[in-house]
Structure formats: C-alpha cells, structure tokens
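Numbering (our numbering), first residue to last: 6 to 69.
Here it is, written out as structure tokens:
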C-alpha cells in the first residue's frame, strides 16, 4: 500500500505542477470544502477536486 500511495502522491504532484496558479488555488479550495464541509476523506476530496478543476490542456480546448 505504501508504494501505491507514493505513486498517487507522485501523480498528484505532477498534476499540480501543470496547473496554473488560479487552477491550483481552485483545486486547494475545493479539497478544503469537500473535506471540511462535505465530510469526505482527503483522498476522496482530492479525487473530486481533480475532476472539478480543468487541466490547462482542457481549458485551451474549450477556448477554441
């Protein structure tokens, strides 16, 4: 399980590095809301926030 968690952490760090500052702030805010107001575990909150915050590539596609 430790190795899996490490892989998840690495993927999360890669995703965060590719976000714009505004996207990262929105992601972190969404995680906090899901955790504290929604009662989700941190892992669940991260998954929800990641799917809610568009990646830079997807944002560019929608702008076309």
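In this text, a Cβ means the ideal position worked out from N, Cα and C, and glycines have one as well.
Inset, instruction - With residue 53 as the anchor, note down where its alpha helix (DSSP H) starts and where it stops. - result: Position 48 of the chain shown holds residue 53. From DSSP, the alpha helix (DSSP H) with residue 53 extends over 47–57.
Inset, instruction - With distances taken Cα to Cα, identify the nearest neighbour of residue 49 among 58, 39, 57. - result: By 1-based counting over the chain shown, the position of residue 49 is 44. Taking only the C-alpha atoms, the option nearest residue 49 is 39.
Inset, instruction - Enumerate in chain order the residues of its own chain whose CB-to-CB distance from residue 36 is below 7 Å, with the five nearest sequence positions on each side excluded. - result: Translated into positions along the chain shown, residue 36 becomes position 31. Here the set comprises 50, 51, 54.
Inset, instruction - Could you spell out where the alpha helix (DSSP H) holding residue 25 opens and where it closes? - result: To locate residue 25, count along the chain shown from 1; it is residue 20. Run containing residue 25: none; DSSP gives neither H nor E here.
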